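Accompanying notes for the structure given below.
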Amino acid sequence: EYGLESLDKLDATLKFCENLLSSGCNLAGVSIQFHHNTRGAINLSGIERAIAKFQALGLKTKLGEVTIWRDAVGLGAVSALAQTEAYGRLLEMAIATQCQSFTFWCPFDLYAWKLAERCPGLWDKEFNPTPVFIKIQEI
Numbered sequence: 008e009y010g011l012e013s014l015d016k017l018d019a020t021l022k023f024c025e026n027l028l029s030s031g032c033n034l035a036g037v038s039i040q041f042h043h044n045t046r047g048a049i050n051l052s053g054i055e056r057a058i059a060k061f062q063a064l065g066l067k068t069k070l071g072e073v074t075i076w077r078d079a080v081g082l083g084a085v086s087a088l089a090q091t092e093a094y095g096r097l098l099e100m101a102i103a104t105q106c107q108s109f110t111f112w113c114p115f116d117l118y119a120w121k122l123a124e125r126c127p128g129l130w131d132k133e134f135n136p137t138p139v140f141i142k143i144q145e146i
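Heads up, the final residue of the sequence shown is numbered 146 in the working numbering, and it's a clean run with no missing numbers.
The following block contains the structure:
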């Protein structure tokens, strides 16, 4: 589900999962989508809170469809650094909270589903590793 850092959406989704579990549904986990850009503050504490609440229900968690776009085209090194740090912080948080997986939505800029010019991937349009790729390897 997307947008679970919002308390209203998180509460509604938690209630939905609790209802499924109490009715005997075999619900094993939740996948949290994360599409963001570096323009605004990335609410890692909200994502971390969502993960903790789902895990408290006995559900496994994963971050699926992770995309962080650069703020705008042409900002160069500043935007690339912000993007790299954001991906790194999100991955470190996923590891610390024992998420089951961390899935990049589109690892190649050339094939990005949206805003390819803002370089969301691990490899650029010429298939060269991006700073994000290097940061992920370090973690």
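We put the CB at the ideal spot given by N, CA and C, even for glycine. Treat the numbers as computed from the prediction; the structure is a model and nothing was measured.
Cross-strand partners of residue i (DSSP beta bridge)
i: residue 44; result: 76
i: residue 37; result: 68
Selection from the options that minimises the alpha carbon distance to residue i
i: residue 108; options: 77, 20, 37 and 24; result: 37
i: residue 92; options: 32, 106, 105 and 76; result: 76
i: residue 73; options: 137, 20 and 101; result: 101
i: residue 103; options: 43, 44 and 56; result: 56
i: residue 87; options: 62, 49 and 45; result: 45
Residue range of the beta strand (DSSP E) that includes residue i
i: residue 23; result: Taken as a continuous stretch (DSSP letters only), residue 23 belongs to no beta strand (DSSP E), being part of the alpha helix (DSSP H) at 14-29.
i: residue 111; result: 109-111
Residues of its chain near residue i, where Cβ-Cβ distance is below 7 Å and the 5 sequence neighbours each way are ignored
i: residue 98; result: 109, 143 and 146
i: residue 95; result: 142 and 146
i: residue 27; result: 34
Unbroken alpha helix (DSSP H) run spanning residue i, endpoints
i: residue 61; result: 51-63
Neighbourhood of residue i by C-beta distance below 8 Å, restricted to the same chain and skipping five residues each side
i: residue 129; result: 111, 114, 115, 136, 137, 139, 140 and 143
i: residue 13; result: 53
Expected contact under 8 Å - CB spacing of residue i and residue j to nearest Å
i: residue 21; j: residue 60; result: 6 Å
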